[in-house]
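A.B. asks:
Numbering (this note's numbering), first residue to last: 240 to 356.
1) Taking the Cβ atom as the reference point for each residue, do residue 295 and residue 289 lie within a distance shorter than 8 Å?
2) Rounded to the nearest angstrom, what separates residue 270 and residue 310 at their Cα positions?
3) Would you check if the distance between the CB atom of residue 340 and the CB atom of residue 274 is smaller than 8 Å?
4) According to DSSP, is residue 313 part of a helix, a strand, or is it coil?
5) Return helix, strand or coil for residue 306, following the three-state DSSP convention.
6) So the candidates are 333, 347, 350; which of them puts its Cα closest to the Cα of residue 281?
If you want it as structure tokens, here you go:
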């Protein structure tokens, strides 16, 4: 599999503590967003990878002109127990989009510390 074209933009979404924050005073995880571009043929496999990561809260798939094509809310820890099968209808819809569109922009909302720039 080839790697997606990445134009990563780390945009903090909020600084509110999340459910993952420890009560022992550990640093809170931030909700933040990154944007990347992916070729249509790579879209389904890339979405499966993000679902399996478990730290993705939401995926927003946009066309090249920034029109929202599909928005997929994910809950924290959704990948436990092979839950990807629950997303089969969503993945089928994404596959149909991928067949029609050469390149898409994806916003990935995550709950973790953003990477250091």
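Beta carbons: idealized from backbone N, C-alpha and C, even for Gly. Note that this is a predicted model, so its numbers are computed, not measured.
C.D. replies: The structure says:
1) The residue you call residue 295 lines up with position 56 of the chain shown. The residue you call residue 289 lines up with position 50 of the chain shown. Yes; because the gap between Cβ atoms is below 8 Å, this pair is in contact.
2) Walking along the chain shown from the start, residue 270 turns up at place 31. Walking along the chain shown from the start, residue 310 turns up at place 71. For residue 270 and residue 310, the distance between alpha carbons rounds to 17 Å.
3) Taking the first residue of the chain shown as 1, we reach residue 340 at position 101. Taking the first residue of the chain shown as 1, we reach residue 274 at position 35. For residue 340 and residue 274, no; Cβs fall outside 8 Å.
4) As a first step, residue 313 is located in the chain shown; it is residue number 74 there, counting from the start. Looking at residue 313 - three-state DSSP - the assignment turns out to be coil, as it is neither helix nor strand.
5) Locating residue 306 in the chain shown gives position 67, where the first residue counts as 1. In the structure shown, residue 306 sits in coil (DSSP, three-state: anything other than H, G, I, E or B).
6) The sequence position of residue 281 within the chain shown is 42, counting from 1. Checking every option, the nearest Cα to that of residue 281 belongs to 333.
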